Amino acid sequence: MDGKELLARLKTLSRIEDPRKDIHGLTYAQFPGTHCPLMGAAMAVRGIKGAVMMIVGTDECAYYTKHMTIHSEDWGGLAGRCVSVTIDQHDITFGCAKKTEAAFAELMAEQTPEAVFIVTTCVPEIIGDDFDAVADAMAAQYGVPVMAVHTEHFKCENHMPGVERTITACFGLMEGQEKDGSVNVIGQRMGRFEDTELFRVLGNAGVRVGAQLPSGCTVEEIRRAPAAQVNIVVNDIGLPLAKKMRQRFGTPYVFFDKFVDPARIAAAYENLFGFLKLPMPEELAALRQAAEKAAAEAKEQLRGVTFMYGNTPFRCLECCAFMASIGMVPQLIQCHGIHAEDAEDVRRILSSADPYMTQAANISPLQYIYDELHPMLYLGHEYPMRLRKKGIAQVHTDMGGGMLGYEVTPYLVKQLLASAEEAREIRKGGMPQ
Amino acid sequence: MSLTRFLPTPSDRMGILWSLLTVEDSVIVEYGPAGTTHFSMGLFGELGIEQENRLFTTHLREEDVVMGDTSRLENAIKEVDENFHPAVIFAVASSCSAVIGTDLRGVCTMVQPKVKARLVTFEQGGFRGDYAAGIKEAYRLLADQMVKAGAEKRPGTYNILGASIGAYRCKADVLEMERLMKEAFGMEPHTALCLETDLEKIASMGGAEVNLVIRQEALPAARLLEGKCGTPFVYGAPYGYQGTLDWLEAVGRQIGRPVNPRLAGELKKRAMETAQYRMYGRMLRRDKTQAVLCGEYEAVKGLGAFLGGMGIAPTRQISAHSLAPLENAEEGVQYLPAEKERVDLMRSLHRTLVLADDTARRLLEGDNTFIRIATPLVDGAQVAVHMPLMGPRGADMVLETVEAYFNTLR
Chain A
1044 MDGKELLARL
1054 KTLSRIEDPR
1064 KDIHGLTYAQ
1074 FPGTHCPLMG
1084 AAMAVRGIKG
1094 AVMMIVGTDE
1104 CAYYTKHMTI
1114 HSEDWGGLAG
1124 RCVSVTIDQH
1134 DITFGCAKKT
1144 EAAFAELMAE
1154 QTPEAVFIVT
1164 TCVPEIIGDD
1174 FDAVADAMAA
1184 QYGVPVMAVH
1194 TEHFKCENHM
1204 PGVERTITAC
1214 FGLMEGQEKD
1224 GSVNVIGQRM
1234 GRFEDTELFR
1244 VLGNAGVRVG
1254 AQLPSGCTVE
1264 EIRRAPAAQV
1274 NIVVNDIGLP
1284 LAKKMRQRFG
1294 TPYVFFDKFV
1304 DPARIAAAYE
1314 NLFGFLKLPM
1324 PEELAALRQA
1334 AEKAAAEAKE
1344 QLRGVTFMYG
1354 NTPFRCLECC
1364 AFMASIGMVP
1374 QLIQCHGIHA
1384 EDAEDVRRIL
1394 SSADPYMTQA
1404 ANISPLQYIY
1414 DELHPMLYLG
1424 HEYPMRLRKK
1434 GIAQVHTDMG
1444 GGMLGYEVTP
1454 YLVKQLLASA
1464 EEAREIRKGG
1474 MPQ
Chain B
29 MSLTRFLPTP
39 SDRMGILWSL
49 LTVEDSVIVE
59 YGPAGTTHFS
69 MGLFGELGIE
79 QENRLFTTHL
89 REEDVVMGDT
99 SRLENAIKEV
109 DENFHPAVIF
119 AVASSCSAVI
129 GTDLRGVCTM
139 VQPKVKARLV
149 TFEQGGFRGD
159 YAAGIKEAYR
169 LLADQMVKAG
179 AEKRPGTYNI
189 LGASIGAYRC
199 KADVLEMERL
209 MKEAFGMEPH
219 TALCLETDLE
229 KIASMGGAEV
239 NLVIRQEALP
249 AARLLEGKCG
259 TPFVYGAPYG
269 YQGTLDWLEA
279 VGRQIGRPVN
289 PRLAGELKKR
299 AMETAQYRMY
309 GRMLRRDKTQ
319 AVLCGEYEAV
329 KGLGAFLGGM
339 GIAPTRQISA
349 HSLAPLENAE
359 EGVQYLPAEK
369 ERVDLMRSLH
379 RTLVLADDTA
389 RRLLEGDNTF
399 IRIATPLVDG
409 AQVAVHMPLM
419 GPRGADMVLE
429 TVEAYFNTLR
């Protein structure tokens, strides 16, 4: 594989007009490939206590998903909340609605789920069974909320739509409530919201947290979610639900992603406390100062440090824009799309660099790109020893998944500084051969 | 009975994939959604199979599904050929491509002149049966397309047909058979379908003196090799002491050599020693010995016979996979396609010796005695390669738990 040829196929950020068409994979043959939305749905249902996930799909889809859950306490282990209806040749020909109804009857005879998500996969979606109707019929028959979630992978690029569709489906569980001054947190996929700075700040300000979707809530909390004063959307996947809630229940939302740039975090806090009609907590000034100080102090050591972005818990382009703002040089960014909300970050990146853009989750051909671009850092999951052999230090950021607010900035800066130092150590005496 | 509460039976496609992934020098290109490939890493990693630079996905987009555009597959094959130079590329269908009716073979025929690698297609998308059907097809296709006729004969060597990395203790069983073959006849293994093999070894399989077929799914492959290379085969698997001796004697008859008398004597002695358990069983006042087995057909049959020889009659013998791919399944072994039937069976047992998988273990009442003989693994991992289910070592292991079982009976 020729790294130069691979790069020649890619467009740089300034040349991206239609992200879906212009950001393409390095190769047609991918490994390991992206996660599928079925997995995304599983990630979401895991956090909803009392809800059962019923997969309708091939043995393979059901096997891998169940396999992922069998050691999870959240899921209830092997005999837990993940069940399936596996389809065969007969079902493809004659439809799998009846089989699903029969399976549903078995489920209800054995368990008392508070809600059921019927999650359809690629094949049922191709054959076109009407699972929205099945879900409605099951809900009416058994008096339990049943939501259909469609997770065909051929219509999307990764697992995030699966999370999004599952939490959006929770809209069907909600009932109008009197506002009680609380907030909901929508879109947190990793870590516990209770461990974040934002949670502490809200608590200190006397704001109660209601439903947390999908990071951990009960069906009852989802039902009462419209009582919230504000929805805090911490990832794009929460936007469809937040918009629906705004329309139906008049609940405003604040977009408070895992921003890294202190100015963006400050704007999110101001927005949030504005909707809450509460004064800005005094502690935020000190937190912002600490974050800005960390970023400013790191500039000297990080200026000119080159990097390739794979994946982090942070917002891809905002994170890259922040790193560019402290003097780092993005060479290649792996992402699946550029949204309207990213426009400012794109502009900020382009003010100092014009990185190559490619899709994520295809690590094999990256090896050849390393030999061309020689980045100092790689942000994301890769084989660390292989990176070291190429003179690259890996930046670990998974812990950031459980952070929100100004705490993100010093954490990322610390990881970058450590990895930049490691890269310099690796390269002492020249690049590894 | 449509609900699956636990892990479903792996599909034919999964069996094909884990078989092909054991063949070095080859690459698999899956024509399907990327998520399935990524998701499979968990299981294949657990089975100890390396996937990097061995397994690729093309991913599928809506336009490919709706319009039937196969350029993604064509380009992926060309790319893998150019970048990794494998001798063979296995193009494997996905459930999606199978349902929309992609002509995988036709695409590969069209692409073949443009690539150096030999293209072999597997059009099963997961709907032609369970993994037993898949591994059967993998053995058959490898024997048919990869084995060269006229390979140089190597007396004193043998192949094992029917190894399946998805089977519990597969590697340990193969090592045990290799140990027995060495001790019994001084013979050396050539290769095993499908375990830690490569294309060169598969190509030259025809040079072996005999093929040892350890599961019925490999019989079509064995017959193909007999026809193509003139290699005779012996079907059977060495479970229990007497079962191992019978198996070795069957191999000996085929190759015209006697079993090493020292080994034969030792196995006879051990088989006779187990007769005491019949007496123990007759001494029980309250309980009656009984065993239930659930696992791979051959293990259930072989270990069932071993236990029966000790007076522990198997009351139920359940195959973990469909019996349809088998040519001659014993009547005593059943397949229960509905999970509920298996669940109910396991929950109903008392004071029974149960040989099954971890899911069954979780369903058992505490007065049963359990031995793991099958996947899936839920509790713990499979590490040891010196603890087979087959051969005298496997029998020793079973016997230890049989002793524990008798301790629970009155």
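Residue numbers (this note's numbering), protein chains in the order written: chain A, 1044 to 1476; chain B, 29 to 438. Where a beta carbon is used, it is the ideal one built from N, C-alpha and C, also for glycine. Note that the structure is a prediction, hence the values are computed from the model and not measured.
Between residue 39(B) and residue 163(B), the C-beta spacing is not below 8 angstroms. The beta carbon of residue 1433(A) sits closer than 6 angstroms to the beta carbons of 1413 from its chain, once the five residues preceding and following it are set aside; these are given in chain order. Judged by their CB atoms, residue 1229(A) and residue 1273(A) are not nearer to each other than the 8 angstroms cut-off. In this structure residue 1190(A) is buried. Its beta-carbon is surrounded by 16 or more other beta-carbon atoms within 10 angstroms. Within 8 angstroms of the CB of residue 1079(A), the CB atoms of chain B belong to 61, 62, 63, 64, 66, 67, in sequence order along the chain.
With contacts defined by Cβ atoms closer than 8 angstroms, residue 419(B) and residue 208(B) form a contacting pair.
Inclusion of residue 180(B) and residue 235(B) in the CB contact set at 8 angstroms is warranted, their separation being smaller than that value. With its beta carbon at least 8 angstroms from every one in chain B, residue 1138(A) lies outside the interface. Closer than 7 angstroms at the C-beta level to chain A, one finds these residues of the stretch 93 to 104 of chain B: 93, 100, 103, 104. In terms of CA proximity to residue 1301(A), 1363(A) leads the group 1417(A), 1047(A), 1398(A), 1363(A). Residue 312(B) and residue 343(B) have their C-alpha atoms some 18 angstroms from each other. Taking residue 154(B) as reference, the option from 185(B), 42(B), 146(B) with the minimal CA-CA separation is 42(B).
Here residue 1376(A) is near residue 1400(A), since their CB atoms are less than 8 angstroms apart. In summary, residue 1232(A) is buried, with 16 or more beta-carbon neighbours lying within 10 Å of its beta-carbon over all protein chains present. Remark: C-beta atoms of residue 125(B) and residue 63(B) do not approach each other more closely than 8 angstroms. The criterion of a C-beta distance shorter than 8 angstroms is not satisfied by residue 75(B) and residue 230(B).
Distances from the alpha-carbon of residue 1355(A) to those of 1249(A), 1423(A), 1403(A) put 1423(A) closest. With fewer than three CB-CB distances shorter than 8 angstroms, the stretch 1144 to 1156 of chain A does not count as touching the stretch 1063 to 1078 of chain A. In the DSSP annotation of this structure, the continuous segment of the beta strand (DSSP E) that includes residue 218(B) starts and ends at 216 to 221. Taking 8 angstroms as the cut-off, the Cβ atoms of residue 1166(A) and residue 120(B) do not count as close. Of the candidates 1415(A), 1410(A), 1441(A), 1410(A) places its Cα closest to the Cα of residue 1430(A).
Take the alpha-carbon of residue 133(B) and the one of residue 1282(A): they are about 44 angstroms apart. CA-CA distance, residue 426(B) to residue 237(B), rounds to 32 angstroms.
Among the CB atoms of chain B, none fall inside 8 angstroms of the CB of residue 1059(A). Residue 1342(A) and residue 80(B) have their C-alpha atoms spaced approximately 37 angstroms apart.
For residue 114(B), same chain residues with a beta-carbon under 8 angstroms away, outside a window of 5 residues either side, are 53, 54, 55, 108, 145 in chain order. Nearest neighbour of residue 346(B) by Cα position, chosen from 322(B), 358(B), 338(B), turns out to be 322(B). In chain B, no part has a C-beta under 8 angstroms from the C-beta of residue 1115(A); the shortest such distance is about 12 angstroms. Per the C-alpha coordinates, the member of 1268(A), 1170(A), 1135(A), 1122(A) positioned closest to residue 1153(A) is 1122(A). Under the three-state reduction of DSSP output, residue 1152(A) falls in the helix class. With respect to the C-alpha of residue 341(B), the residue from 363(B), 370(B), 305(B) having the closest C-alpha is 305(B). The C-beta of residue 1137(A) has fewer than 16 other C-beta atoms within 10 Å across all chains shown, which makes the residue exposed. For residue 1377(A), the beta-bridge partners assigned by DSSP are 1401(A).
Boundaries around residue 188(B) are those of the beta strand (DSSP E), 185 to 189, since no alpha helix (DSSP H) includes it. Interface annotation, residue 276(B): not in contact with chain A, CB-CB separation never under 8 angstroms. Contact check for residue 184(B) and residue 215(B): beta-carbon distance about 5 angstroms, within the 8 angstroms limit, so the pair qualifies.
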